[in-house]
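Asks: These protein sequence lines map, in sequence, to chains Y and U. Residue numbering for the first sequence follows the working numbering, beginning at 76 and increasing consecutively. Residue numbering for the second sequence follows the working numbering, beginning at 76 and increasing consecutively. Positions of the beta carbon are idealized from the N, C-alpha and C atoms, including for glycine. Keep in mind that this is a model prediction, so the values were computed, not measured.
Number of protein chains: 2
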Amino acid sequence: MKVRILIMPKEGLLDPQGRAVTELLTSKGYKIESAKVGKVIEMEVDDSVDIEEIAKKYLVNPLIESYKVEKE
Amino acid sequence: MKVRILIMPKEGLLDPQGRAVTELLTSKGYKIESAKVGKVIEMEVDDSVDIEEIAKKYLVNPLIESYKVEKE
């Protein structure tokens, strides 16, 4: 199956890229708020694979990142 | 409204992070294939904002990246 892991900086933590995007777009006149920039990992996995385990063990730093798994 | 822009390396182009993830997880015994690593930008925008325009003009490099917009 196809899965997607979205990894975002935790609420309240520094997100310089998100801040840069917010400032750039606001300065260009777009009405946007609180852009956040994170990572996305898409992969094709066997049904037996434990995605939560992969995310926690290898892909996400829980101190500074939160994540969400989406299956297609 | 809340929107999400997913920006992935184009098919066939070098994706060193995706390759690293594929190799790491495969070496750990997980049955996964073709991981791709991209960026995700989430933001709160006014309904008047043209997301496609923002993506094309400021956020995506069309030479090496493809993107997808998702609205919530």
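Quick check: the Cα distance between Y:Lys131 and Y:Asp125, rounded to an integer number of angstroms?
Replies: 10 Å
Asks: How is the beta strand (DSSP E) around U:Gly93 delimited, first residue to last?
Replies: Per DSSP, U:Gly93 belongs to no beta strand (DSSP E); it is in the alpha helix (DSSP H), Pro91 to Ser102.
Asks: Please list, in chain order, the residues of the segment 110-121 of chain U that have any C-beta partner in chain Y closer than 9 Å.
Replies: Residues Ala110, Lys111, Val112, Gly113, Lys114, Val115, Ile116, Glu117, Met118, Glu119, Val120 and Asp121.
Asks: Can you tell me which of the three DSSP states Y:Ile80 falls into?
Replies: strand
Asks: Taking the C-alpha atoms as reference points, what is the distance between Y:Pro137 and Y:Met83?
Replies: 10 Å
Asks: Assuming U:Lys85 contacts U:Ile139 (C-beta within less than 8 Å), just tell me the rounded distance between them.
Replies: 6 Å
Asks: Rounding to the nearest angstrom, what Cα-Cα distance links Y:Glu98 and Y:Glu127 in this structure?
Replies: 34 Å
Asks: Kindly indicate which three-state DSSP category Y:Lys106 falls into: helix, strand or coil?
Replies: coil
Asks: Kindly say whether Y:Lys106, judged by its beta-carbon, lies nearer than 8 Å to any beta-carbon of chain U.
Replies: yes
Asks: Leaving out five residues on either side along the sequence, give the residues of the same chain with a beta carbon under 7 Å from the beta carbon of U:Val135.
Replies: Ile82 and Tyr142
Asks: Distance cutoff 8 Å, beta carbons only. Does Y:Val124 sit that close to anything in chain U?
Replies: yes
Asks: Kindly indicate the opening and closing residues of the alpha helix (DSSP H) around U:Glu128.
Replies: Ile126 to Ile129
Asks: With DSSP as the reference, label U:Lys85 as helix, strand or coil.
Replies: Of the three classes helix, strand and coil, the one that applies to U:Lys85 here is coil, per DSSP.
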